[in-house]
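Chemist:
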Amino acid sequence: MLKSKKNIFPLLGILYLVAFGFFIWGLAVGKYQVFPWAQIDAIYSEVHAYLTFEEAPEKTATQQVMLHHQENRSKFDFGGLKVRDSSFHDSGYLLISGFSKTHTQVVVELYSIAQDKVLHRWIPDIDDILERTPEFSDGPNMVKSYRVQHPLLLEDGGLVFTSGAGPMVKINRCSEIQWVLVHKFHHSIELDHQGNIVTCSKIDGDGPDTVLPIRDDAIAVVSPEGTLIDEYSIAKILLDNGHRTLIYGIGRFEHNRIHLNDAHPIIEEAGIAETGDVLISSRHLSTVGLVEPESSTIKWLKTGPWLNQHDINLLPDGRYSIFGNDMVRGYNKTGNVLVEKGVSDIYIYDPATDTVTQPYSAVMRAEKIGSLSQGRSRVLANGDVYIEQTDSARLLRISDKEVRWEYVNAVSENTVGALHWSRYLTDKEVNLRWLNDLICK
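Under the numbering used here, the first residue of the sequence shown carries the number 1, and numbering increases by one thereafter.
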């Protein structure tokens, strides 16, 4: 018995030395960022970005070591523009927010589809932005993960954007910073009928007087000069209109209950939608609606059949288009899963008759157009729809019968750079006069 105890002591000593060695190594990793700092940091950033509001497609361990944080293996055998319908002429433009391996950051490009040409490129000084906003220094607010989310092109060639979960920034046509508004803004950015900027925000604190604290997402209004004019709590609007069931009664309670991912102001009236109204999309409630923020009034609200959707838009005839991701969140340890085996869908909703149609389903299924965590769409004047398949770094224009063209943000022969909510702009929406006398340092 005594002999066996003596044999244990050397083993315990070895275990103690090993544990102490790992402790010292851990301190060195944290302080000096030696191996495996980069690998741990990449994983941490993904998880932290998810917890702070956004998601990104998961990388394998090898990809986390070998690829840039905003680079993934491509699913496609081409890069750039691929015209699928040669008989169709597209006079529109793309405002592409995407990771550039050349610049090792996200850049924004104004791209002519007809010319297959980049007309202008903005390269935001992300280091300068972060130096001006030390309150935001993790998640998407780092150089490697900064998104330049949903850039808004202004008449003078300037851009307004956010990191995806942080301050709002305006740069001029030469990429010089004009102003930075420190607040937690996220997701969509649009202009309202008065020329103010409407976006999504997170109000400090735990929201209105609710049974349990929730993340209080809001519709935020910002002046062209970069001043926060107002914020309208989505939780308050829901509670004021008798929708507490949506907050407390569906599924397990979570702090990020609403997850507002679109606040789209009405600028052209149609049906019951009037200027001053705002379309909202609550991803975690699979709910969209039309609200009048100033009076805290809901004009209509609908949950499903879309699932965990992004992007709602008003159509000229008073109907609405919704990009339904159609996925189940947190299905298992592998993360989210698309309900229709790799396919999302575009829904057309008519509140006057409470009917829903899916006119693009056949093409989306045939082409496997699906996006788990994000996505954008816009129904165009001729009935075609523009889609950002965010998770695959692909942009498309499709009709209800075929793909017109597709664009892949390739950054090497077999990898793509992340996209961060690009826009399709018609030739009437793009004023190129600011390019005529452009001289940048």
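Glycine included, each C-beta is placed from N, C-alpha and C at the ideal position.
Grab me the residues of ILE398's own chain with a C-beta within less than 8 Å of its C-beta, minus the 5 sequence neighbours each way, in chain order.
Modeler: TYR360, VAL363, MET364, GLU367, ILE369, ASP384, VAL385, ILE387, ARG404
Chemist: CB-CB under 7 Å to THR275, same chain, minus the five flanking residues each way: which ones, in chain order?
Modeler: HIS193, ILE266, ILE267, GLU269
Chemist: Quick check on this structure: which residue in LEU191, ALA410, TYR424, THR162 has the alpha carbon closest to the alpha carbon of VAL180?
Modeler: THR162
Chemist: Round the Cβ separation of LYS170 and GLY98 to the nearest angstrom and send it over; I've been treating them as touching at under 8 Å.
Modeler: Going by Cβ atoms, the distance from LYS170 to GLY98 rounds to 20 Å, so no, they are not a contact pair.
Chemist: Our contact map puts VAL160 next to ILE189 with C-beta atoms below 8 Å; I'd like the distance itself, whole angstroms only.
Modeler: 6 Å
Chemist: Whole angstroms is fine: what's the gap from PRO316's alpha carbon to PHE136's?
Modeler: 40 Å
Chemist: Which ranges would you report for the alpha helix (DSSP H) in the segment 408-438 if only whole runs of at least 4 residues count?
Modeler: 433-436
Chemist: Could you give the DSSP three-state label for VAL363: helix, strand or coil?
Modeler: helix
Chemist: By alpha-carbon positions, which one of THR297, THR357, ILE229 ends up nearest to PRO305?
Modeler: THR357
Chemist: Do you know whose CA, among LEU260, ASN256, ILE298, ALA273, lies nearest HIS243's CA?
Modeler: ILE298
Chemist: Name the two residues that bound the continuous beta strand (DSSP E) containing THR303.
Modeler: 297-303
Chemist: Work out the CA separation of SER412 and THR426 for me, nearest whole Å.
Modeler: 29 Å
Chemist: Of the choices ARG84, TYR111, ILE280, whose alpha-carbon is the least far from that of LEU238?
Modeler: ILE280
Chemist: Would DSSP call HIS243 helix, strand or coil?
Modeler: coil
Chemist: In terms of residue numbering, what span does the beta strand (DSSP E) encompassing ARG397 cover?
Modeler: ARG397 -> beta strand (DSSP E) spans 394-398.
Chemist: At what residue ranges does the segment 67-147 contain a whole run of the beta strand (DSSP E), taking only runs of 3 or more?
Modeler: 71-73, 80-83, 93-100, 105-112, 117-122
Chemist: Taking contact to mean at least 3 C-beta pairs separated by less than 8 Å, is the segment 194-201 in contact with the segment 217-224?
Modeler: yes
Chemist: Please name the residue in ARG257, GLY195, LEU110 whose C-alpha comes closest to that of ARG329.
Modeler: The shortest C-alpha separation from ARG329 is found at ARG257.
Chemist: Quick one, are the C-beta atoms of ILE417 and HIS310 less than 7 Å apart?
Modeler: Looking at the sequence itself, residue 417 is Gly, so the reference to Ile does not match. No, they are not a contact pair.
Chemist: Classify LYS441 as helix, strand or coil using the three-state DSSP reduction.
Modeler: Taken through DSSP and simplified to helix, strand or coil, LYS441 comes out as coil.
Chemist: Is it buried or exposed for VAL143, if we count other Cβ within 10 angstroms and need 16 for buried?
Modeler: exposed
Chemist: Closest to TYR146 by CA distance: which of LEU153, GLY158, GLU155, ILE129 is it?
Modeler: Nearest neighbour of TYR146 by Cα position, chosen from LEU153, GLY158, GLU155, ILE129, turns out to be ILE129.
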